[in-house]
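Visitor: In terms of the working numbering, the sequence shown is residues 28 to 141. Submitted below is the structure of interest, expressed as structure tokens.
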Amino acid sequence: MKELDLTYPQYVVMLALWECDGITVRDLGEKLHLDSGTLSPLLRRLEKIGYITRERSEEDSRVVLIHLSDQGQELRAEAGWVQSCLIDSLGLSREEMDTLRSLAQKATKLVHEH
């Protein structure tokens, strides 16, 4: 992560935003299982370094939307090697990795429901 000038939690937030640009802070917190006390400082730092922007919803001013900046979009291409290295180090095929991710998400959801 040092090469990207991101901490691991910041990288995880960026991964989520690359999947769901324009997500609300609340939905992002739920997706990552982070409370606002943990997520807010991460978002402030990412905004400060220019990877994201935050804006209030036009429909409900209490809702804050997170958008990737152009720089945040560009970082996705630069960070592609991280996932490749991780997958390579595990020795799993892309299909096995997708299955593992799906099962982990399902298990996490079940834990949080109970």
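Built from N, CA and C at the ideal position, the CB exists for glycine as well. Since this is a predicted model, take the numbers as computed values, not measurements.
So within the region 37–110, which uninterrupted beta strand (DSSP E) runs reach at least 3 residues, ignoring any that extend past its ends?
Guide: 79–83, 91–95
Visitor: Are there 16 or more other CB atoms within 10 angstroms of the CB of Val138, so buried, or fewer, so exposed?
Guide: Exposed, since its Cβ has fewer than 16 Cβ neighbours within 10 Å.
Visitor: Would you please state the rounded distance, in angstroms, between the beta carbons of Leu117 and Met41? I believe it to be under 8 Å.
Guide: About 21 Å separates the two Cβ atoms, so there is no contact after all.
Visitor: Just the C-alpha distance for Ser144 and Asp115, rounded to the nearest angstrom, thanks.
Guide: This structure cannot settle anything about residue 144, because the visible part of the chain is limited to 28 through 141.
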